[in-house]
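**Student:** Quick one: structure below, then a few questions.
Numbering (this note's numbering), first residue to last: 81 to 264.
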């Protein structure tokens, strides 16, 4: 501001802004300090990244703690992320997604028979779903049979494949639950 209006004193500017001259100078001193600290941290991150190119921000933060203490830099994790982001040093997360649906197949596509149907009592409509988990590098599949009215899981089966025999076990459990309910 002083450069744009050289004839007006700094004291007048500070009074107009509602800050003291000391606060004005401290602001610029802190900004210079932050720029210096950021440059130090960026250089240290680049040293670490020579050996660990894909190390994320949280691990970097833990590794930088001794460096920050040694240089008496007070920096939280969020500020480190801001510094990394400003210097294009954030590592992009790679999401490895498993493709489970193949919609371009040669099999017949059946119409949705329950699109408009709304059940008004239990056991009028069952729906099923299959989901999977990757455990220790191996996929396991769980089949659910759910009552559409009560939204209760009435049958399930955990298996190691998507074969129909695996899902039929969930259906058998659901059917056996109905016969028990009718007896009571």
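Note that CB positions come from ideal geometry on N, CA and C, so glycine has one too.
Enumerate in chain order the residues of its own chain whose CB-to-CB distance from residue 238 is below 7 Å, with the five nearest sequence positions on each side excluded.
**Tutor:** Here the set comprises 220 and 222.
**Student:** State the CB to CB distance for the pair residue 226 and residue 207, rounded to an integer number of angstroms; the pair is presumed to be in contact (CB under 8 Å).
**Tutor:** 5 Å
**Student:** If you scan the segment 137-191 from start to end, which runs of the alpha helix (DSSP H) of 4 or more residues do you find wholly inside it?
**Tutor:** 137-150 and 157-166
**Student:** When burial is assigned at 16 or more other CB atoms within 10 Å of the CB, is residue 247 buried or exposed?
**Tutor:** Flag for residue 247 reads buried.
**Student:** Do you know how far the Cα of residue 171 is from the Cα of residue 209?
**Tutor:** 36 Å
**Student:** Which runs of the alpha helix (DSSP H) at least 4 residues long sit entirely within the segment 83-116? Give them in chain order.
**Tutor:** Along the length of the segment 83-116, whole alpha helix (DSSP H) runs at least 4 residues long occupy 90-97, reported in chain order.
**Student:** Looking at the unbroken beta strand (DSSP E) that takes in residue 227, where does it start and where does it end?
**Tutor:** 218-227
**Student:** Based on the DSSP secondary-structure assignment, which residues constitute the bridge partners of residue 237?
**Tutor:** 223
**Student:** With residue 212 as the anchor, note down where its beta strand (DSSP E) starts and where it stops.
**Tutor:** Residue range 206-215 is occupied by the beta strand (DSSP E) that includes residue 212.
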